[in-house]
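I have placed the structure first, in the form of structure tokens, so that the comments after it can refer back to it.
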Amino acid sequence: MEAHGKPSVAFLAKVGALSVLVGATIGYATSPTSTSNWATTSTVEPTVSTMSVSSARPTSLRTAPRVAEDLALHSQPQSTTMESQSVEFSATSSGVLLGGLAAVVAAGLFAIQSWTKKSQYNEIVDLEGAQRNIWSVAASAGTNLGTGKTVRVATRKSPLAMWQAEFIESELKRLWPGIQVELQPMSTKGDKILDSPLAKVGGKGLFVKELETSLLEGRSDIAVHSTKDVPMELPDGLELSIILKRHDPYDAIVFPKGSSLKSIDDLPKGARVGTSSLRRQCQLLLKRPDLQFLELRGNVNTRLAKLDSGDYDAIILAAAGLKRLGFLDRILPNETNIIDPRIMLPAAAQGALSIELRANDPTTLALLQPLHHIPDAVTVVCERAMNRRLSGGCQVPISGFAVLKDGQMHMEARVGSVTGSGPLIIKEKTIPFTLDKPWPQLQKEAETLGVAVAEMLLAAGVQAYLDEAYAKPDVGVTAARQ
């Protein structure tokens, strides 16, 4: 993978070819039959870096679409001006020709070095850049591993879960022509219990247990998850081996159709906001303590229908879910209703899809490996490590978000009180972090950062908040404050 600031293979090759051409031209122009003074300007075509980056910092919140930003092309036109005086061919053109040949050789060596690095670090390159569908990020090479293979995919039945499973199906078929994919929709406990807050239902794995059982019993080969729903501890024999490129990680406040409201600031005093998330309630109350929160369950389509029927003045949903399902009309111009993470930090791993499979199935793992997006995977495992150390779950208002940028990883986490007994506790830490190591080492370093931030939170007293949350599983933040 090409690093920023380094010459690309295409650039070196073009410079080499240009130099050879210039050398030959000079030789002709300065020959006894044709000698003249001349000057010309040549523009080298911009080179394109296809290195994917993790989600942007808060300063990029107002540009759209955010996924397209994550696939931004880094190109800088380079212009060179060449002036030549009448000189002997043997002195000038020979030197230019030699320089051109050297550049061509250097391009070849650089290509070999780049290929070796990609193989060593297992980094995935988007070979088509922004021309590829914005959701597709991987590319395969070499032998078609999917020939004669069938992959059985366990998934929930909700429209969003089915979109996610169908996306994985399309990616596998694109990567491995001829592969067969069988979707296996299932209902989970979390899907069936819709009349109680998730915090009250309790337990972990409300949306994944049935899928994991199918994996362990050999009825399915993989399970596709919204990673934020996956418990921190997995059953023996299963691994969360693949983390895909992260989509929009932020939250959106959505208004009824026809509403003129554009952001949180526009909500009237005492507005009814639909969300069952203690994390969202806890953070939003700091900005708008007048708001009243109402229970909101069901799939995205159901929630939007309830909003439009007048049950709420606004609801809060994950921006990624809206975009995946095509509800782009619910994302306002300039994304004014995408909530700034300084106001509402996302849940750990929000916006990231992941694939769970049996630990003893290397054949299936090899099929999925091109989908593993290391730049975003390191941020996700960092966030999950923080959550794991705090024993986070649906009952606890914990948020965490890591950003990988400019050779550093920044991790921030927040824990709030479900009763409003104290302020939101926020801790963050930044470490140097580069993707020049094998995945197991990168994973370990990222998880170490997540645990370090969790320890900072514990030292600041969040254990009291955690105990409080588990002692009051039947109320939301608003009710607990009354």
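Residue numbers (the UniProt record's numbering): 1 to 482. C-beta: ideal position from N, C-alpha, C; glycine also.
Query	Result
Let's test the definition: count the other Cβ atoms within 10 Å of the Cβ of Asn301 and tell me whether it reaches 16, buried, or not, exposed.	exposed
Name the DSSP bridge partner or partners of Ser226?	Leu353
Reducing DSSP to helix, strand and coil, say where Gln292 ends up.	strand
Around the Cβ of Gly270, are there at least 16 other Cβ atoms within 10 angstroms (buried) or fewer (exposed)?	exposed
What does a CB cutoff of less than 7 Å around Leu449 pick up in its chain, not counting 5 residues either side in sequence?	Cys382, Met409, Met411, Lys429, Ile431
Spatial neighbours of Ser220 within its chain, please: CB distance less than 8 Å, with the 5 preceding and 5 following residues excluded, ordered by chain position.	Arg152, Val153, Ala154, Gln184, Leu211, Ser214
On the criterion of 16 or more Cβ atoms from any shown chain inside 10 Å, does Leu368 qualify as buried, or is it exposed?	buried
Give the straight-line distance between the Cα atoms of Pro249 and Pro341, rounded to the nearest whole angstrom.	9 Å
For Ile242, which residues of its own chain have a beta-carbon under 7 Å away from its beta-carbon, when the five flanking residues on both sides are left out?	Ser354, Ile355, Leu368, Leu371, His372
DSSP has Asp221 in a bridge; who is on the other side?	In the DSSP output, where bridge partners are listed per residue, Asp221 has none listed.
Rounding to the nearest angstrom, what Cα-Cα distance links Leu261 and Ile316 in this structure?	14 Å
Met344 to Gly274, Cα distance in whole Å?	15 Å
Within the stretch 354-418, note down every full beta strand (DSSP E) run reaching 3 residues or more, in order along the chain.	398-405, 408-415
Does DSSP put residue 485 in a helix, a strand or coil?	One cannot answer for residue 485 here, as it falls past the ends of the chain, which runs 1 to 482.
Taking C-alpha atoms, which residue in Ile425, Pro333, Gly148, Thr364 lies nearest to Glu239?	Thr364
In angstroms with no decimal places, state the Cα-to-Cα distance between Pro375 and Ala402.	11 Å
By the 10 Å Cβ neighbour count, where 16 or more other Cβ atoms means buried, how is Lys245 classified, buried or exposed?	buried
Sort Leu285, Leu307, Ala413 by Cα distance to Arg297 and report the nearest one.	Leu307
Between Leu286 and Leu424, is the Cβ-Cβ spacing less than 8 Å?	yes
So the beta strand (DSSP E) Met232 belongs to, where does it begin and stop?	Met232 -> no beta strand (DSSP E), and no H or E assigned at all.
Which one or two residues does DSSP pair with Thr150 in a beta bridge?	Gln180
So, helix, strand or coil for Thr448, using DSSP?	helix
May I ask you to report which of helix, strand or coil DSSP gives Ile174?	Residue 174 is actually Arg in this sequence, not Ile. Helix.
Less than 8 Å between the CB atoms is what I'm expecting for Thr188 and Lys209, so what's the real figure, rounded?	7 Å
Within 10 Å of its beta-carbon, does Ser277 have 16 or more other beta-carbons around it, so buried, or fewer, so exposed?	buried
Checking 8 Å against the spacing of the C-beta atoms, do Asn337 and Ala252 come in under that value?	yes
Just to confirm before moving on: does the CB-CB distance between Gly400 and Ala348 stay below 8 Å?	yes
Who does Glu239 pair with in a DSSP beta bridge?	Leu357
Any idea what DSSP makes of residue 489, helix, strand or coil?	Limits of the chain in this structure are 1 at one end and 482 at the other, which puts residue 489 out of reach.
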